[in-house]
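Chemist:
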Amino acid sequence: MPRHTKATINLNAILANYQLANKVTPNSKNIAVIKADAYGHGSIKVAQALEPFVPAFAVAIFEEAVVLRGAGISKPILVLQGINEPSELDFATNENIWTMVESEEQAKLITQSPLTIPLNVWLKLDTGMNRLGLDNTHLEPVINLLTNCHWVNDQIVLSSHLACASDLTDTMTKNQVRTFAELTENINLSTSIANSAALLGFPETRMDWNRPGIMLYGLSPFDESNQQDKLLRPAMTFSSTVISIRDVKKDEHVGYGNFWTADKPSTIATIAVGYADGYPRHAANGTPLLIAGQKAHLAGRVSMDMITADISQCSDIKIGDTVELWGETINANDVARCAETIGYDLLTGVSQRVPRYYK
Ligand SMILES: *Cc1c(COP(=O)(O)O)cnc(C)c1O
């Protein structure tokens, strides 16, 4: 029997989620963030579907932009971590790739490499995340450096990234927005600060440009869900099939390390997916699954190529039945909580072994 483990990607859902971002922020331009292979959904397919509708795309690293250009994607692509090799700058200008500048070093790399076509630059300001970005001592010198450079387009965008926007009650976001306003007070340039959570949950962060990522794929960006995210449509259905069914007696165990013990006579289904496919190894007993449309629960350690589920509460489960690991019914964020991680980690972790199908 063929192995039916797969990820089915609903491109219409991604488009609808993108359009929701536009609806919420009618005065902004929304850049579709498709880094990490579009959060595991396939960056080329996602870019092709969104290209007619978006002003630009964003990826994390230069190589991701090269892949998209190789596939014929032509809208501007912002590289969020910027360019660190002089040899990449010519490609960037020829191919309309925009680059983030987060440090004086990155700015100097540009100003010391003469270019024939103007380069589009975004600046990253550190407003409290303390990971990347310019602080108040470096901002002005870097702006002067870049605005005096003939091959830097003067339409520079000022940006920052938020540390705690996934928590609607956290005061950090307000503090970061205030710091950003102070840093940019006397500078007349466009601005960008919102990721998905900020875009949906903090109206004051909606600026000239927003950078939604996770919401495009239909997962809530919030630690606790709220009203707005109910409108999101999960785009990925990660599914597999039942390959074996057996009865176990009370006090018998299942899987590696005897991680699950039957507290009564039970029925166990073995499913053809494991951590080598990207199902999280740390998923606890009780993690939800949907087998032939019925709720069931993980029972036993996740193996490399298999998982086991308690289907005692289900009826008429057969070998070959479809299992939704996450998708429209089983929310990936709920699975992630059972594995002490976040939905982003699960989506980006679906491995190359898993074929993607598009609808
Ligand atoms: C990944 C990323 C985003 C998108 O974040 P989501 O939480 O997925 O919406 C936005 N901006 C930057 C700088 C990022 O690295």
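Per our numbering, the very first residue in the sequence shown carries number 224; after that it's consecutive. Glycine included, each C-beta is placed from N, C-alpha and C at the ideal position. None of the values given here were measured: they were computed from a predicted structure.
For H384, count neighbouring Cβ atoms within 10 angstroms of its own Cβ and tell me buried if that reaches 16, exposed if not.
Modeler: On the sequence shown, residue 384 is found 161 positions in, with the first residue counted as 1. When all chains shown are included, H384 counts as buried.
Chemist: Within 7 Å: the Cβ of I565 and any heavy atom of ligand 1?
Modeler: The count along the sequence shown starts at 1 and reaches residue 565 at position 342. The answer is no for I565.
Chemist: When burial is assigned at 16 or more other CB atoms within 10 Å of the CB, is E547 buried or exposed?
Modeler: Translated into the one-based positions of the sequence shown, residue 547 becomes position 324. Under this definition E547 is a buried residue.
Chemist: In terms of residues, what are the limits of the beta strand (DSSP E) holding Y607?
Modeler: No information on residue 607 is available, as it lies outside the stretch 224 to 582 that the chain covers here.
Chemist: Starting from the N-terminal side, write out each stretch of the beta strand (DSSP E) that is 3 residues or longer and does not extend beyond the stretch 280-317.
Modeler: List check, beta strand (DSSP E) in window: 280-282 and 300-302.
Chemist: Since L513 contacts I553 with CB under 8 Å, what's their CB separation in whole angstroms?
Modeler: Translated into positions along the sequence shown, residue 513 becomes position 290. Translated into positions along the sequence shown, residue 553 becomes position 330. Contact holds; Cβ gap of about 5 Å.
Chemist: How about the stretch 465-480 and the stretch 554-562: do they share at least three Cβ pairs that are nearer than 8 Å?
Modeler: Result no; under three Cβ-Cβ pairs closer than 8 Å.
Chemist: CB-CB under 7 Å to F403, same chain, minus the five flanking residues each way: which ones, in chain order?
Modeler: Position 180 of the sequence shown, counting from 1, holds the residue named residue 403. L348, T350, S383 and I416, listed in sequence order.
Chemist: In the DSSP assignment, find the unbroken alpha helix (DSSP H) run with T545 in it and report its ends.
Modeler: Your numbering for residue 545 matches position 322 in the sequence shown. No alpha helix (DSSP H) holds T545; the beta strand (DSSP E) holding it covers T545 to W549.
Chemist: Quickly, what does DSSP pair T396 with across the bridge? List them, please.
Modeler: Numbered from 1 along the sequence shown, position 173 holds the residue referred to as residue 396. According to DSSP, T396 bridges with nothing at all.
Chemist: Could you give the C-beta distance for I379 and L368, rounded to a whole number, given that I count them as a contact under 8 Å?
Modeler: Counting from one through the sequence shown, the residue named residue 379 turns up at place 156. Counting from one through the sequence shown, the residue named residue 368 turns up at place 145. That pair is no contact at about 11 Å.
Chemist: Assign R354 to one of three DSSP states: helix, strand, or coil.
Modeler: Position 131 of the sequence shown, counted from the start, is the residue given in the question as residue 354. In the structure shown, R354 sits in coil (DSSP, three-state: anything other than H, G, I, E or B).
Chemist: Using CA coordinates, which residue listed in N418, T564, Y479 and T493 is at the minimum distance from I254?
Modeler: Along the sequence shown, read from residue 1 onward, the residue named residue 254 stands at position 31. The option with the nearest alpha carbon to I254 is N418.
Chemist: Classify G497 as buried or exposed, calling it buried when 16 or more other Cβ atoms lie within 10 Å of its own Cβ.
Modeler: Translated into the one-based positions of the sequence shown, residue 497 becomes position 274. By the neighbour-count rule (16 or more Cβ atoms within 10 Å), G497 is buried.
Chemist: Just to confirm, is the Cβ distance from T540 to I534 under 8 Å?
Modeler: Position 317 of the sequence shown, counted from the start, is the residue given in the question as residue 540. Position 311 of the sequence shown, counted from the start, is the residue given in the question as residue 534. This sequence places Ile at residue 540; Thr is not what is there. Against a cut-off of 8 Å, the Cβ pair of I534 and I540 comes out as a contact.
Chemist: With respect to 7 Å, is the separation between the Cβ of H505 and the closest non-hydrogen atom of ligand 1 below this value?
Modeler: Working through the sequence shown from its first residue, we reach residue 505 at position 282. Not under cutoff, so the answer is no.
Chemist: Here's the rule I'm using: 16 or more other beta-carbon atoms within 10 Å means buried, otherwise exposed. How should A272 be labelled?
Modeler: As a working mapping, residue 272 is identified with position 49 in the sequence shown. The residue is buried, with at least 16 neighbouring Cβ atoms inside 10 Å.
Chemist: Quick one: what does DSSP say L512 is sitting in, helix, strand or coil?
Modeler: As a first step, residue 512 must be located in the sequence shown, where it is residue number 289. In this structure, L512 counts as strand in the three-state DSSP scheme.
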